[in-house]
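**Q**
There are 2 protein chains.
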Amino acid sequence: MLASDNHDIRQLGLFEKLSDTHFSALMRGAYVQNFPPQIELITEGEPSDFLHFVLSGAVDLFSSWNGRETSMATVRPLSTFILAATIRNAPYLMSARTLEKSRIVLIPSQDVRAIFDADGDFARAIVAELAQCYRSVIKAQKELKLRTSLERLANYLLRQQKQAGGGPVFELDFEKRRLASVLGMTPENLSRALKGLQHYGVAVDGMRVTISDQTDLDRFAKPNPLIDDFRT
Amino acid sequence: MLASDNHDIRQLGLFEKLSDTHFSALMRGAYVQNFPPQIELITEGEPSDFLHFVLSGAVDLFSSWNGRETSMATVRPLSTFILAATIRNAPYLMSARTLEKSRIVLIPSQDVRAIFDADGDFARAIVAELAQCYRSVIKAQKELKLRTSLERLANYLLRQQKQAGGGPVFELDFEKRRLASVLGMTPENLSRALKGLQHYGVAVDGMRVTISDQTDLDRFAKPNPLIDDFRT
DNA sequence: CATATTAATTGATAATTATCAAGCGAAAGT
DNA sequence: ACTTTCGCTTGATAATTATCAATTAATATG
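Protein chains in written order, with UniProt numbering: chain A, 1 to 232; chain B, 1 to 232.
The structure is reproduced here in structure tokens:
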């Protein structure tokens, strides 16, 4: 593990207030690994042996049932994943695979739980993180149950636009087949839905999206902070 | 607030390990109220002034967007709701209404946050609770994205059967129109889906469900602990 | 650079799910 | 007991979404 890795990990809200003693204790058993793309890091149902931390690259969290598969979320640096399973010492509910070449820190779950038991501030930091995650999933579920696929796509574009700086031209942040899966639709449907949004001033060329009529798209998408805001 | 209320609240894992001092501090500003059915207790988007605790009755958590509405979950005694909003001091993501005559404790959010800051054990109890909630929503999302409405209904019946003791005859635990909303379908569709499950040995009479061919239903529903188990 | 592979698109069709309208039936109120 | 209300059901139809097959575009590989 490099010194810069340590520094990066320290950045995260989760470890910010940790005493140096406890932080060292956590890092003692931790190790860093570089993975090529498309490597399955964890499989749902397995015991949660490590808390994972993404230093660089990107990780897809997905789930399967009865031969079907769906992308649940994408984890980007710098953040952890499967914190809830680690803390509860419960099996993973989702599988994870690298989307790109990724640098991942693996922290033994038992160490995390030990520091959690010993350090109230760490426990409080975990609360903040979990509450955030919980609210994100609630928002995702609201979107799934209240919006059609075209509406989900429109709102996704608006969120993506905002994150990219708010300008009329921006890039999709992952390939369309996974975007389709994240939005709960098939790739074919996404392709047609993107065409359908042409009526509202959306033009797509490969990964590049241009929103020519912002008002029109806004009026159709009806974004709502209680579904679309990352903050709240 | 009655002495028995205090006792009931103490039962909950969240408050179990709290010192008497901290528990009293929490209860000092709390008050209990009895509500008739169909009363809106909180509205999504409002600031989270109180942590709510259901002593008896039942509460529906629901959300709206663009004139549509969906039931997200049902809270039954003894448990809290909107813990995440309280802790993050963020607006509610869901509205809540009583389903039946209900007895609810309201604990000022600022008091909860104060004890949370002062008491590491309380923070740890909140972690356990939030991690549990998080995992429940993840399971719900997996179910929504991976299963058709007929499959969701079949698995709901199996879960309900298990909870009712596992026998072949049991009762639905809420009215069909809300069940439909919880399962992400229309009441009309639920009605037809219940008929569709006759092929798999399910008979419904009002709220009473009879599963005559368990093997057949199991084979169709394909329940999975990573979606259907309340525990894990 | 040519070729192999994979992703994206398109068309045709089927399955799923929702909407609208009407009727039935149980429960609540008078 | 009567009526009113509301939830549930059923039928007909429409909208949404998925599947299958084929083609095109883009990317990777030797």
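Backbone N, C-alpha and C fix where the C-beta goes; we use that ideal spot for every residue, glycine too.
(1) According to DSSP, what are the bridge partners of B/N34?
(2) A/P108 bridges to which residues according to DSSP?
(3) What number of angstroms, rounded off, separates the C-alpha of B/R10 from the C-alpha of A/T186?
(4) Does DSSP put B/F122 in a helix, in a strand, or in coil?
(5) Compare the Cα-Cα distances from B/E40 to each of B/Y31, B/H52, B/G29, B/A30 and report the closest residue.
(6) What is the rounded straight-line gap between the Cα of B/T74 and the Cα of B/I115?
(7) Closer than 7 angstroms by C-beta to A/R103: which residues in its own chain qualify, once you throw out the five before and the five after it? Chain order, please.
(8) So the alpha helix (DSSP H) B/A212 belongs to, where does it begin and stop?
(9) Mind pulling the chain B residues with CB within less than 9 angstroms of A/P77?
(10) Taking any Cβ of chain B, which residues in the stretch 137–155 of chain A have a Cβ under 9 angstroms from it, in chain order?
(11) Buried or exposed: which applies to B/F230, given that a residue is buried once 16 or more other Cβ atoms fall within 10 Å of its Cβ?
(12) Report all residues from its chain with a CB closer than 8 angstroms to the CB of A/S63; omit the five preceding and five following residues, and keep chain order.
(13) By a C-beta neighbour count over all protein chains shown, 10 Å radius and 16 as the cutoff for buried, is B/G165 buried or exposed?
(14) Apart from the five residues on each side of it in sequence, which residues of its chain come closer than 8 angstroms, Cβ to Cβ, to B/A118?
(15) For B/I42, does the three-state DSSP call read helix, strand or coil?
(16) Short of 8 angstroms in beta carbon distance, which residues of its chain neighbour A/N189, apart from the five on each side in sequence? Order them along the chain.
(17) Can you name the residues of chain A whose CB is closer than 9 angstroms to the CB of B/P91?
(18) Can you look up A/E171 in the DSSP assignment and give me helix, strand or coil?
(19) Drop a sphere of 10 angstroms on the beta-carbon of A/T80, count the other beta-carbons inside from all chains shown, and report buried for 16 or more, exposed for fewer.
(20) Thinking C-alpha only, which one of B/K222, B/V127, B/D49 is nearest A/N66?
(21) Would you tell me roughly how many angstroms separate the C-alpha atoms of A/L78 and A/F15, rounded to the nearest one?
(22) Identify the continuous beta strand (DSSP E) that holds B/F62 and give its terminal residues.
(23) May I ask which residues mark the beginning and end of the beta strand (DSSP E) holding A/M72?
(24) Against chain B, with Cβ distances strictly below 9 angstroms, would A/Y200 count as a contact?
(25) If we count the other Cβ atoms within 10 Å of its Cβ and call it buried at 16 or more, is B/A3 buried or exposed?
(26) Look at the alpha carbon of A/L144 and the alpha carbon of A/T98, and state the distance between them as a whole number of angstroms.
(27) Any C-beta of chain B sitting closer than 9 angstroms to the C-beta of A/M94?
(28) Does chain A have any CB closer than 9 angstroms to the CB of B/I104?
(29) Could you name the residues of chain A that B/I87 contacts, counting a contact when the two beta carbons are closer than 8 angstroms?
(30) Between A/G201 and A/D216, which are expected to be in contact by the criterion C-beta below 8 angstroms, what is the C-beta distance as a whole number of angstroms?
(31) Identify the continuous alpha helix (DSSP H) that holds B/F230 and give its terminal residues.
(32) Can you tell which of A/A90, A/E100, A/E175, A/R124 has the C-alpha that lies nearest to the C-alpha of A/G110?
(33) Using a 10 Å radius around the Cβ and a threshold of 16 neighbouring Cβ atoms, would you call B/K139 buried or exposed?
(34) What separation, rounded to the nearest whole angstrom, lies between the Cα atoms of A/T232 and B/Q38?
(35) What residues in its chain sit with their C-beta under 6 angstroms from that of B/R207, if we drop five residues either side in the sequence?
(36) Going by DSSP, what residues sit across from A/F81 in a beta bridge?
**A** Quick look at the numbers:
(1) DSSP lists B/R103 as partners of B/N34.
(2) Note: A/P108 sits in a beta bridge opposite A/F50.
(3) Going from the Cα of B/R10 to the Cα of A/T186 covers about 48 angstroms.
(4) Note: B/F122 maps to helix in three-state DSSP.
(5) Relative to B/E40, the option among B/Y31, B/H52, B/G29, B/A30 whose CA is nearest is B/H52.
(6) Put simply, the backbone Cα of B/T74 is about 27 angstroms away from that of B/I115.
(7) V32, N34, L55, S56, G57.
(8) For clarity, residue 212 of chain B is Ser in the given sequence; the question names Ala instead. Run containing B/S212: none; DSSP gives neither H nor E here.
(9) One finds nothing in chain B with a Cβ atom closer than 9 angstroms to the Cβ of A/P77; even the nearest lies about 21 angstroms away.
(10) Flagged, chain order: V137, I138, K139, A140, Q141, K142, E143, L144, K145, L146, R147, E151.
(11) B/F230 is exposed by the Cβ-count criterion.
(12) Within the same chain, A/S63 has close Cβ partners E44, E69, T70, M72, L93, M94, S95.
(13) By the 10 Å Cβ count, B/G165 comes out exposed.
(14) Cβ neighbours of B/A118 beyond the five flanking positions: H22.
(15) If DSSP states are grouped into helix, strand and coil, B/I42 belongs with the strands.
(16) If we look at A/N189 and ignore the five residues flanking it on each side, its Cβ neighbours are S149, A180.
(17) Going along chain A in sequence order, the residues near B/P91 (Cβ under 9 angstroms) are P225, L226, T232.
(18) Under the three-state reduction of DSSP output, A/E171 falls in the strand class.
(19) Flag for A/T80 reads buried.
(20) For the residues B/K222, B/V127, B/D49, the minimum Cα distance to A/N66 belongs to B/K222.
(21) Straight-line Cα distance between these residues: approximately 12 angstroms.
(22) Segment 59–65, the beta strand (DSSP E) holding B/F62.
(23) Annotation for A/M72: the continuous beta strand (DSSP E) segment containing it runs 68–75.
(24) Put simply, the CB of A/Y200 is far from chain B, with every gap to its CB atoms at 9 angstroms or more.
(25) The C-beta of B/A3 has fewer than 16 other C-beta atoms within 10 Å across all chains shown, which makes the residue exposed.
(26) Using only the alpha carbons, I get a separation of about 25 angstroms.
(27) Residue-level contact by beta carbon holds for A/M94 and chain B, with a gap shorter than 9 angstroms.
(28) Any Cβ of chain A closer than 9 angstroms to the Cβ of B/I104 would place that residue at the interface, and such an atom is absent.
(29) By Cβ distance, chain A contributes V127, A128, A131.
(30) The C-beta distance from A/G201 to A/D216 rounds to 5 angstroms, short enough to meet the 8 angstroms contact threshold.
(31) Run containing B/F230: none; DSSP gives neither H nor E here.
(32) Before going on, a small fix: residue 110 of chain A reads as Gln here, not Gly. Closest by alpha carbon: A/A90.
(33) Of the residues assessed, B/K139 falls on the buried side of the cut-off, its CB having 16 or more other CB atoms within 10 angstroms.
(34) Spanning the two alpha carbons is a distance of roughly 28 angstroms.
(35) The residue you asked about is not Arg; residue 207 of chain B is Met in the sequence shown. The answer, listed in chain order, is E171, L172.
(36) In the DSSP assignment, A/F81 forms a beta bridge with A/H52.
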